[in-house]
Amino acid sequence: MFLSIREIRHNKFRYGLVITVIMLISYLIFILSALALGLANQNTAAVDAWQTNSVVISQDANVNLNQSLLNQKQVAHYQESDNENVALVATAPAVATIDSKRLSVNYIGLNFSEFIFRNLTLEFGKWPSKSNEVIVSDKLKNNGVKLHHQMHIGQSHQIYEVVGFVKNAEYNIAPIIYGKLENWHLIKGVSQQFVGSGIISKKVLSVNEKPQNTAIISKQTLINKMPGYVAQTTTFIFMIGFLVVISLIVVTIFLYILTMQKKQNFAVLRVQGIPVRYLISNTLFETLFIMIVSICIAGGLAALTGLFLPQSVPMYFDTPLLTGIGLAIIITGTMGALIPIRIISKIEPISAIGG
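Position 333 (the sequence shown) corresponds to 333 in full-length UniProt numbering; numbering is contiguous.
What follows is the structure in structure tokens.
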């Protein structure tokens, strides 16, 4: 440890370059991770807020809540058996027109007496009381939507008024507009024989007791079947994985070069009786120091970047997850010391000095 600190202090520029390269790679990993989490959150924010465990949809909906249509008989089967833990949702991907501005949204009709509506987090404004009043995702503020703005939604000719903003209201990237269930037929343009899109349950529902022509899916299945979700998430996972591997390779190359440059010095130390394990522990400490300093600087810069990014950029910094990613980078980077350690362990003092 003492030898490592003296060496780093004596070669500040050399080690500074190494730390800078690792820091930049780590910074990119943190930013991509936050971006991946932000985009994933835009898909799943509402599903998480609903406390979803199971979802009942129509059998021919191709595991897509927006394509599902349930009739009163199918819905009543669950509402009569466990009204406190189930809630009906009626989804309609639509275009909202506000002051000649067109916005892609998801209209979701709710029964205001059921648990999903009761558990919504109102940021500011008031709860809707009239049939033409709606509450909208706080993300729509970035598009200039304000309280008491009036809008047309989907195929409905009715004028709707924004009376409040709610948090965690995004489904499959699009911001949500919550309103009364009866408006769903007008906005989506569906027959009155259908009463909603799906039943959301806080419990695991039994597939053996489901009504005819319905399917019960888990929360994760619903999320995975959202258009583009799996492809988007997989792409980011591979990008982050490749960057972690690149950081390992970069650390290995730097340590290999530094070790070869110091081979003569190691040989002298071996002649003086310094044991191999001391030189190996010195190399490991040096690697850990480089990785930890790089990760700390990268984490600080990523947090600072998050403060200055506009709200329209979907960045989400999950501290526990990013800490885990940082530890993974440190562990894989430390593995890069294996080749230099092997070289050190095979140094022959006499032949090295003589060479």
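Each residue gets a CB set at the ideal place from its N, CA and C atoms; glycine is no exception.
For residue i, the residue or residues it bridges with in DSSP
i: S58; result: T214
i: R102; result: T97
i: N71; result: F194
i: M151; result: Y160
i: V166; result: L122 and S137
i: L110; result: V89 and K180
i: S247; result: Answer is none; S247 lacks a bridge partner.
i: I200; result: V55 and A87
i: A174; result: Y171
Residue i to residue j span [Cα, whole Å]
i: G299; j: L243; result: 16 angstroms
i: S131; j: K210; result: 32 angstroms
i: T332; j: Y78; result: 50 angstroms
i: H149; j: I187; result: 18 angstroms
i: N106; j: D60; result: 21 angstroms
i: A231; j: K346; result: 47 angstroms
i: I297; j: K12; result: 16 angstroms
i: V89; j: D48; result: 14 angstroms
i: L288; j: F236; result: 27 angstroms
i: G306; j: L39; result: 15 angstroms
i: S201; j: L327; result: 37 angstroms
i: K219; j: Y15; result: 48 angstroms
i: Q272; j: Q261; result: 19 angstroms
Residue nearest to residue i in terms of C-alpha spacing, selected from the options
i: I57; options: Q212, S104 and A94; result: Q212
i: T233; options: S156, I19, S81 and A36; result: A36
i: V55; options: F285, T221, L24 and V195; result: T221
i: K180; options: F289, A40 and T91; result: T91
i: V18; options: L269, D60, Q74 and L255; result: L255
i: L69; options: N119, V190, L307 and A46; result: V190
i: I341; options: I253, L309 and P320; result: I253
i: S113; options: N53, V95 and E84; result: E84
i: N64; options: G154, I216 and V293; result: I216
i: S100; options: I25, S312, N143 and L321; result: N143
i: G196; options: V313, K219 and I108; result: I108
i: N43; options: Q51, M151 and Y171; result: Y171
i: V162; options: A46, Q67 and L147; result: L147
i: S104; options: G273, I173 and S129; result: I173
i: K141; options: P320, P310 and A34; result: P310
Exposed unless 16 or more other CB atoms sit within 10 angstroms - verdict on residue i
i: Y178; result: buried
i: I98; result: buried
i: F308; result: exposed
i: M335; result: exposed
i: H185; result: buried
i: R270; result: buried
i: F30; result: buried
i: E80; result: exposed
i: residue 359; result: No answer is possible for residue 359: it lies beyond the span of the chain, which begins at 1 and ends at 355.
i: L205; result: buried
i: P175; result: buried
i: A94; result: buried
i: S312; result: exposed
i: I246; result: exposed
i: F238; result: exposed
Cβ shell of residue i (< 8 angstroms), same chain only, five flanking positions each side left out
i: I344; result: T259, F266, V276, L279, I280 and T283
i: G125; result: I135, L147, V162, V163, G164 and F165
i: S156; result: N183, L186 and I187
Cβ neighbours of residue i in the same chain (closer than 6 angstroms, five flanking residues each side left out)
i: F115; result: A87
i: N41; result: Y316
i: M291; result: I330 and G333
Chain-order list of residues whose beta-carbon lies under 7 angstroms from that of residue i (same chain, five-residue window excluded)
i: E123; result: D138, F165, V166 and K167
i: Q74; result: P211 and T214
i: D318; result: L37
i: L338; result: none
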